[in-house]
Amino acid sequence: MTLLEKKAILRVALYAGEIMLRNGAETYRVEDTIKRICKSRNLKHVSSFVTPTGIFISDDRFDGISFIKRVKSRTINLNKISKVNDFSREFVNSNISIKDAIMQLRKIDKIAKYPKFVRVLSAGFASSFFALLFGANFSDFVAAFIISMVAVLISSKIEKVSQTAFLSNTAGGAIIAILSIFFHTVGVGASIDMVIVGSIMPLLPGVALTNGLRDFISGDLISGVSRVSEAILIAISIAVGVGSILNVWINVFGGAI
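Numbering (our numbering) for the sequence shown: 4 to 260.
So, in structure tokens, the structure goes:
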């Protein structure tokens with residue numbers, strides 16, 4: 004195998020891993036995908052090290068080939084992860100050319116998200132039904148449905164401008180608390196706490212926390228600490244947004260929850 008062929012295979016593996024990591028895959032899953040792609044083309048001495056913010060690939064034979072990819076932004080898109088998993092199985096079990104493999108990965112990378120109205124509407128239904136699970140009544144259901152949609156819309160707009168998860172989630176938590184108090188004041192929503200608990204569900208970092216724990220279990224301690232810390236930071240930011248508004252409402256305006 005020539006040096007150019009080896010580099011091409013490593014680039015395919017790196018691109019597949021990058022797509023998975025950017026869309027919320029666990030680090031051990033990314034490393035496993037990279038190794039399987041390389042081994043399928045007789046690169047049996049490749050090592051990969053993946054963190055939530057970067058991918059490192061090198062050849063154990065020290066022939067001077069190594070790749071580093073910085074991953075700055077991450078989101079949750081399980082559809083793309085599933086597509087890359089399917090691609091890796093097809094790549095391993097067939098003789099797909101490197102050119103065709105890159106084209107398939109580019110198509111996967113360019114898959115559009117669900118339309119915004121679908122995501123917002125889904126967040127509304129998820130929040131309102133979570134409120135019912137926690138003991139809310141129908142008026143709380145309606146309030147949580149509307150509030151969560153508004154909060155998701157505004158927090159996504161803020162995240163595009165600042166790209167800071169802490170700021171967007173703090174703003175989302177504050178908006179939820181303000182609207183919950185407003186809806187309760189006008190007679191929609193019998194319990195402010197039930198409405199808030201239901202409405203914050205789309206903002207909670209459930210996938211990040213789960214992936215962090217799975218990384219811990221698989222032995223990826225750095226990734227596990229990073230993901231769990233990120234999840235805790237997001238949860239704190241939501242609590243800061245909600246708590247600051249409720250504190251003002253209770254201590255300044257004399258309101259009750």
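The C-beta atom is built at its ideal place from N, Cα and C for all residues, glycine as well.
Which residue from the options puts its Cα closest to that of residue i?
| i | options | result |
| --- | --- | --- |
| Ala154 | Phe133, Ala180, Phe132, Leu136 | Ala180 |
| Gly257 | Thr56, Thr5, Ile184, Met23 | Ile184 |
| Arg14 | Ser85, Val200, Gly222, Leu46 | Leu46 |
| Ala238 | Gly175, Thr188, Phe186 | Gly175 |
| Asn10 | Thr173, Thr30, Arg44, Met23 | Sequence inspection shows Lys at residue 10; the Asn mentioned does not correspond to that position. For the residues Thr173, Thr30, Arg44, Met23, the minimum Cα distance to Lys10 belongs to Arg44. |
| Val200 | Pro118, Lys42, Ala177, Thr56 | Ala177 |
| Val87 | Ile68, Lys113, Asp63, Ser69 | Lys113 |
| Asp218 | Ser159, Ile253, Leu17, Pro55 | Pro55 |
| Gly138 | Ala115, Tyr31, Ser158, Ile195 | Ile195 |
| Leu108 | His187, Thr173, Glu8, Glu21 | Glu21 |
| Ala28 | Thr188, Ile253, Asp143, Leu212 | Leu212 |
| Phe144 | Asp223, Gly190, Gly222 | Gly190 |
| Gly57 | Tyr31, Lys42, Cys41 | Tyr31 |
| Ser142 | Lys160, Thr188, Ser159, Lys110 | Thr188 |
How many Å lie between residue i and residue j at the Cα?
| i | j | result |
| --- | --- | --- |
| Phe94 | Ile12 | 11 Å |
| Ala19 | Asn140 | 46 Å |
| Asn250 | Val231 | 28 Å |
| Val210 | Lys83 | 15 Å |
| Lys102 | Val198 | 52 Å |
| Arg73 | Phe128 | 36 Å |
| Ile225 | Gly192 | 43 Å |
| Glu34 | Leu182 | 44 Å |
| Ile241 | Ser125 | 20 Å |
| Lys116 | Thr78 | 11 Å |
| Met106 | Ile220 | 34 Å |
| Leu236 | Phe169 | 7 Å |
| Phe70 | Glu162 | 30 Å |
| Val255 | Phe186 | 19 Å |
| Asp89 | Val49 | 22 Å |
| Ser100 | Met23 | 21 Å |
| Val53 | Lys119 | 31 Å |
Leaving out five residues before and five after residue i in sequence, what residues of the same chain have Cβ atoms less than 6 Å from its Cβ?
| i | result |
| --- | --- |
| Asn80 | Asn26 |
| Ile37 | Ala16, Gly20, Ser51 |
| Phe59 | Phe52, Ile71 |
Considering only residues of the same chain and omitting the five flanking positions on each side of residue i, which have a CB-CB separation below 7 Å?
| i | result |
| --- | --- |
| Arg39 | Ser91, Val95 |
| Gly215 | Gly227, Arg230, Val231, Ala234 |
| Leu156 | Val123 |
Kindly indicate the opening and closing residues of the beta strand (DSSP E) around residue i.
| i | result |
| --- | --- |
| Ser97 | It is not in any beta strand (DSSP E) - Ser97 carries neither H nor E in the DSSP assignment. |
| Thr54 | 49 to 54 |
| Asp62 | 57 to 62 |
| Phe137 | Note, Phe137: premise wrong, no beta strand (DSSP E); not H, not E. |
| Arg73 | 69 to 73 |
Since residue i is in the alpha helix (DSSP H), which residue starts that stretch and which ends it?
| i | result |
| --- | --- |
| Ile22 | 6 to 25 |
| Arg32 | 30 to 42 |
| Met204 | From DSSP, Met204 is part of no alpha helix (DSSP H); its letter is neither H nor E. |
| Leu170 | 168 to 188 |
| Asn250 | 224 to 254 |
Ignore the nearest five residues each way along the sequence and tell me which others in residue i's own chain have a CB closer than 8 Å to its CB.
| i | result |
| --- | --- |
| Asn98 | none |
| Pro205 | Ala126, Ala129, Ser130, Ser151, Ala154, Val155 |
| Gly244 | Asn172, Thr173, Ala174, Gly175, Gly176, Ala177, Ile178, Ile179, Ala180 |
| Ile68 | Leu6, Lys9, Lys10, Leu13, Ser61, Asp62 |
Does the region 128 to 140 touch the region 148 to 162, meaning 3 or more C-beta pairs lie closer than 8 Å?
Yes, the region 148 to 162 is in contact with the region 128 to 140.
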